Each structure stands twice: as C-alpha cells, then as structure tokens.
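The numbering used here puts the first residue of the sequence shown at 3, with every later residue one more than the last. Here a beta-carbon is modelled for each residue, glycine too, at the ideal position from N, C-alpha and C. Note that the structure is predicted; figures quoted are calculated from it, not measured. As structure tokens, the structure follows; a few thoughts come after it.
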Amino acid sequence: MSQKPAMIPRLKIDYVSDIACPWCAIGLAGLVEAADRLRGILEVELHFQPFELNRNMPPEGENMGEHLAAKSGATAAQINDERSNLTAIAAEAGLEFKLDRDTRVWNSFDSHRLVYWAELAGDPLLLKTALFKANFCEGRQISNHEVLAGIAVECGLDGERAKEILSTETYLDEVDKRMKLWMSRGIRGVPAIIFNERHLVEGGQSASTFVKIMRQLAGLDPPETAPRSAPV
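Take a look at the structure:
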C-alpha cells in the first residue's frame, strides 16, 4: 500500500516595505533567494504591504545626502560611508546599487499604488523587484508617472491601465488604509517581515538568515531563538 506524500509546509509572508528604502530592496533579494533555496520543501505565499518612510516627500524628491543630513544629522563622511556600506551589502545580495552624491530620494506613494494593482492581478513580485532596481540600480525617478508606467510595461503589465491608475485616485484609499493599518500595529521601520501573521523579523536580512528562520518557523528545523511575536 503506497503512502500518501507528505504535505509541504506553507508560510504566509507579509513584506512591509518602502520602494524608497534601500534595506527593503536588499531584504527582498535575500527573501526571494531563500524561498528559491527552499523550493520543493516549503511553499511561500508572499504579500507586499506598503509603507512610506518619507510621506511628505515632494515629487521632485531630495538629494539623498542632504535628506540624510537633515533627518539624522549625519556628516558628509558618515553619509559616504553609508553609501559604500549599502553598495557592498547590496552586491552580496546580487544587486548593483549605484549610489553617489547626486542620488535622490523620491516620493514612493504612486509606486505602491501600482504594486497594489499588480497584486490584484496575481503576481506583484516582478514589478516590486523592478521598482527597486529602477530606484537604486538605475537612478530612475520613481515618482514620475511616465517612468512608472514604463516600468509596468517592462513587467508585462498594461501600460495604458497603469497610466489611468496614476492619473486618477485609483487605489489611493486602499493603499493609504494599508499603510495606516501597519502603523497602527506598531510598525515604524522597514523592512518588517511578518510570518504567518505571528512572527516578526526586522531588517534587510541575508538569504542564509532567512533560510534558517523559515525552516524553523515551518517546523523543518527545531527553533533556536524564535522571532518575536508580530504586532496584532
């Protein structure tokens, strides 16, 4: 008598992030690689949740160095060190960050509206990844509607529909409600990764770290130090 195949464990993952956050790009690269490494023994259900670090950022953006100096009081030397550090860590995650003195921080709200639309269509990962790449690897203006519509087309989405969404208030309320929901649950920094609506992991972790965490949470390995409980 043949045995029934073992059920593959499943993890629901809510990835709370901002397109304007470099650590969010690094963390997503690590999470996606971890899911690939675990393919066949662990099933992942990934959902993207919007968050804005700079809600009042104008569409024309701000110089990254000037923005960081005003926000944290960092010196020019500290900002240069941070750029170098981010670039090196991103390279380890397979991302070619291009950060220099002219790099700008953009308003990201409209990019979140497109990701929300892509998730309704069933597969937002390609668009989310492309937006991070456009922002941090290509220096494209992710607050510009033409640029955003072009990225959507590159991802196989309907360019005319993208333009229609961006030129109206479509999904504005839905995205805003999602942002407020996560803030009401205590999320103040990103990336914040919530597994099975219970366990919170913060920061742009490496693929190896995510593999370890995911195997433990799925019951494939005994837990060592469990991630802290997620805010409800």
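| Check | Outcome |
| --- | --- |
| Rounded straight-line distance, which links the Cα of L174 to that of R180 | 10 angstroms |
| Cα-Cα separation between E156 and A37, rounded to whole angstroms | 24 angstroms |
| When H69, A95, A22 are compared against A209, the one with the closest alpha-carbon | A95 |
| Coil, strand or helix - Q207 by DSSP | coil |
| Within 7 angstroms, strictly: CB atoms of K14 and E47 | yes |
| Of the residues M185, G206, F111, the one placed nearest I195, counting alpha carbons only | G206 |
| Unbroken beta strand (DSSP E) run spanning P52, endpoints | 45–52 |
| Segments of 4+ residues assigned as alpha helix (DSSP H) that fall wholly inside the stretch 109–136 | 111–123 |
| Paired residues, beta bridge with D178 - DSSP | DSSP output for D178 lists no bridge partner at all. |
| At least 3 beta-carbon pairs within less than 8 angstroms: the stretch 107–127 vs the stretch 82–99 | no |
| Start-end ranges of the alpha helix (DSSP H) lying completely within the stretch 66–114, minimum 4 residues | 66–74, 78–94 |
| Short Cβ contact (7 angstroms threshold) for R106 with N146 | no |
| Contact the stretch 16–25 vs the stretch 49–68: 3+ CB pairs below 8 angstroms | yes |
| Residue from S186, L183, R115 with nearest C-alpha to T170 | R115 |
| S186 - DSSP class collapsed to helix/strand/coil | helix |
| Cβ-based burial, M59 [other Cβ within 10 Å; buried from 16] | buried |
| Exposure label - M3; buried when at least 16 CB within 10 Å | The predicted position of M3 is uncertain, since its pLDDT is 46 and thus under 50; a value taken from the coordinates is nonetheless stated next. Exposed. |
| Expected contact under 8 angstroms - CB spacing of L30 and K130 to nearest Å | 7 angstroms |
| Pair within 7 angstroms by beta-carbon distance, S113 and L88 | no |
| Beta-carbon proximity list for G221, same chain, < 7 angstroms, skipping 5 on both sides | P11 |
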